[in-house]
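Numbering (the UniProt record's numbering), first residue to last: 1 to 298. No residue lacks a Cβ here, since even glycine has one placed at the ideal position from N, Cα and C. Quick notes on the structure that follows.
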């Protein structure tokens, strides 16, 4: 795991430039490279699920600002989940809405209307919902916010094997630490912080698997939310820009080539959710539109 503080130190060590002005550029370039990797990786690791409630006759709903690409949409009505299909182009969407002006609680299509710049993307459902309070479930590939917080190591912690609770020796924790990564010096395994209980207690996503300890030294850090072997990529991206700024074409091209190669390898390595030696033939699914009435029995 490369923490945000490790990233900064690595950039300064590799380039020999420890000035504050250059460090500011490294942070900016590193975050830009991170966002490029997230947008290109397209793996289940970046998937998130979000829900919203329908509003009667309201067609469009704003997506979270972190949403990059919508993968699926379904609407739950009367405890039944109905997957709905995407409409890709604006013309088809306009024709559908011109032809059908009614409402229903079982929509059939959705349409993504991108925002200009960052955020503001909306998803529309067709036909418009007839009722309020039905659940819209969206699965999307997510981006992430910029990293900017250095490693936190103040005080000590108490951890218990098989328990997800981490207790601070004083009152060092904050709610902003949810989503960061935690590691004790003895265990060396990284865990994500799932929730904030108080300034002295946080909960991990998984139970602590190391040895029970009191007064343990630890690190609580921000890190690039990508597979560990790919966390060097934002560094390559930043170094490419640094040496381009220094007019060193040889090193600039070197790090850009490393970035491109490792990104290609990562996309190939992580394109599947599972890994196994058996390759199944493609299954055929026969789906029936739930809106269609049953056929006549003869």
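What are the boundary residues of the alpha helix (DSSP H) that residue i is part of?
i: residue 5; result: 4-15
i: residue 33; result: 20-41
Which two residues bound the contiguous beta strand (DSSP E) that contains residue i?
i: residue 139; result: 135-142
i: residue 165; result: 165-168
i: residue 130; result: That residue, residue 130, is in no beta strand (DSSP E); it is neither H nor E in DSSP.
i: residue 50; result: 47-53
i: residue 113; result: 109-113
i: residue 158; result: 157-159
For a quick check, are the C-beta atoms of residue i and residue j less than 9 Å apart?
i: residue 74; j: residue 121; result: no
i: residue 208; j: residue 163; result: yes
i: residue 128; j: residue 53; result: no
i: residue 205; j: residue 218; result: no
i: residue 187; j: residue 159; result: yes
i: residue 87; j: residue 93; result: yes
DSSP three-state label for residue i, please.
i: residue 64; result: coil
i: residue 86; result: strand
i: residue 246; result: coil
i: residue 298; result: With a pLDDT of 40 at residue 298, under the threshold of 50, the predicted position of this residue should be treated as unreliable, though the coordinate-derived value follows. Coil at residue 298, not helix or strand.
i: residue 259; result: helix
i: residue 200; result: coil
i: residue 70; result: strand
i: residue 209; result: coil
i: residue 57; result: coil
i: residue 1; result: coil
i: residue 193; result: strand
i: residue 104; result: strand
i: residue 123; result: strand
i: residue 232; result: coil
So if DSSP puts residue i in a beta bridge, which residue, or which two residues, is it bridged to?
i: residue 184; result: 218
i: residue 80; result: 77
i: residue 224; result: In the DSSP output, where bridge partners are listed per residue, residue 224 has none listed.
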